[in-house]
Each structure stands twice: as C-alpha cells, then as structure tokens.
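Before any comments, here is the structure.
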Amino acid sequence: MARTVPLLIFLVFATSCSQSPASDSPPGEPPARVEEAATAPVPSETAVAVQTVVFIGKKKACECTRARVDASWAALEAALEGQGPPVERIDLDVDTVRTKELSALERFMAAPAIYFLNGDGGVVEMLQGEVTEEAFREVLDRG
Numbered sequence: 000m001a002r003t004v005p006l007l008i009f010l011v012f013a014t015s016c017s018q019s020p021a022s023d024s025p026p027g028e029p030p031a032r033v034e035e036a037a038t039a040p041v042p043s044e045t046a047v048a049v050q051t052v053v054f055i056g057k058k059k060a061c062e063c064t065r066a067r068v069d070a071s072w073a074a075l076e077a078a079l080e081g082q083g084p085p086v087e088r089i090d091l092d093v094d095t096v097r098t099k100e101l102s103a104l105e106r107f108m109a110a111p112a113i114y115f116l117n118g119d120g121g122v123v124e125m126l127q128g129e130v131t132e133e134a135f136r137e138v139l140d141r142g
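Yeah, the sequence shown ends on 142 if you go by numbering that gives the first Met the number 0, and it's all consecutive.
Here it is in structure tokens:
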C-alpha cells in the first residue's frame, strides 16, 4: 500500500499536463493540433435527421379507425406544408410485408402508425393513434 500511493500521485500529475511533450507550442499554450480540433464543427449527437416518414393506415377500417387515420393524415400534410421528407403511405391490411418490417423495428398498437426513419432506415420516432399537427411538427423540428 505504501508503494501504491506515490505511484498514484505520480500518475495523476503525469497525466494532468495539458502540453504534449512533442509539441512546439510555448509552455502554457495548448498544442496546435488541439486548437485545430476545437475549431472543427462538432455534429450534434442528439439531433438525428428524419429522412423518410412512413404512414401506416388501414384500407378496411371501422368508422372510428377511419376517422383517426383521416385526421392524422390531414395533420401530417399540414405539418409538412408541402415540404420536408418524402412520405410513404401504406395500409396495414394490404401492405403486410412492409408493415411487418416496420413493426419489427418498433411495434405499434393502433392505426395509424407513423414512423420517422433516418437515412439508415432506423426509427427516429414513432407515433400512433390520432396524432395532431403540433405533435408532427415537434418530431419534424427535432429531426
């Protein structure tokens, strides 16, 4: 134990120096390569761009489901205002293969289900049921 304490103190001081031994910078100034790295733009790790929206409705639906699907579709169109990522619209009772692919990424319980996908086809966000224009805008503004 007595030998460990001096070794730990040495390691703390040896690794806390901000200047690289091979640096040409004067003492007290960071090395040039650190300054270059600091000026490079840093991409946001929290913002993920939505590249595609997939809207899953239902072709043969009861009246209440049809109302939810229609209201959510209108809200999505209003939120996009003719701009934004492309939208793929499918029906869960018709496009079963595509619906299963998306459900494997993140399961949904109610129609409509709206998937916001990144460039790799991963789920950025998924909304379901009757969704408002404000909820769509919130997701689209984030990504």
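Just so it is clear, CB atoms sit at the ideal spot from N, CA and C, and this is done for glycine as well.
Exposed or buried, what is residue i when buried is set at 16 or more other beta-carbons lying within 10 Å of its beta-carbon?
i	result
residue 85	exposed
residue 90	buried
residue 43	The predicted position of residue 43 is uncertain, since its pLDDT is 38 and thus under 50; a value taken from the coordinates is nonetheless stated next. By the neighbour-count rule (16 or more Cβ atoms within 10 Å), residue 43 is not buried but exposed.
residue 56	buried
residue 125	buried
residue 112	buried
residue 78	buried
residue 106	exposed
residue 74	buried
Identify whether residue i lies in helix, strand or coil by the three-state DSSP scheme.
i	result
residue 37	Annotation note: pLDDT 35 at residue 37 (below 50); position unreliable, no value reported.
residue 68	helix
Would you tell me roughly how many angstroms separate the C-alpha atoms of residue i and residue j, rounded to the nearest one?
i	j	result
residue 97	residue 87	11 Å
residue 118	residue 94	22 Å
residue 110	residue 123	18 Å
residue 104	residue 63	26 Å
residue 108	residue 101	13 Å
residue 141	residue 134	11 Å
residue 58	residue 69	11 Å
residue 80	residue 132	11 Å
residue 139	residue 71	15 Å
Please report the residue range of the beta strand (DSSP E) in which residue i lies.
i	result
residue 49	Where residue 49 is concerned, there is no enclosing beta strand (DSSP E), given that its DSSP letter is neither H nor E.
With a threshold of 6 Å (Cβ to nearest heavy atom), would residue i be considered close to the ligand COA?
i	result
residue 84	For the ligand COA, the structure offers nothing, since it holds no ligand at all.
Enumerate, from N- to C-terminal direction, the unbroken beta strand (DSSP E) stretches of 3 or more residues contained entirely within the region 78 to 140. 86 to 90, 112 to 116 and 122 to 127
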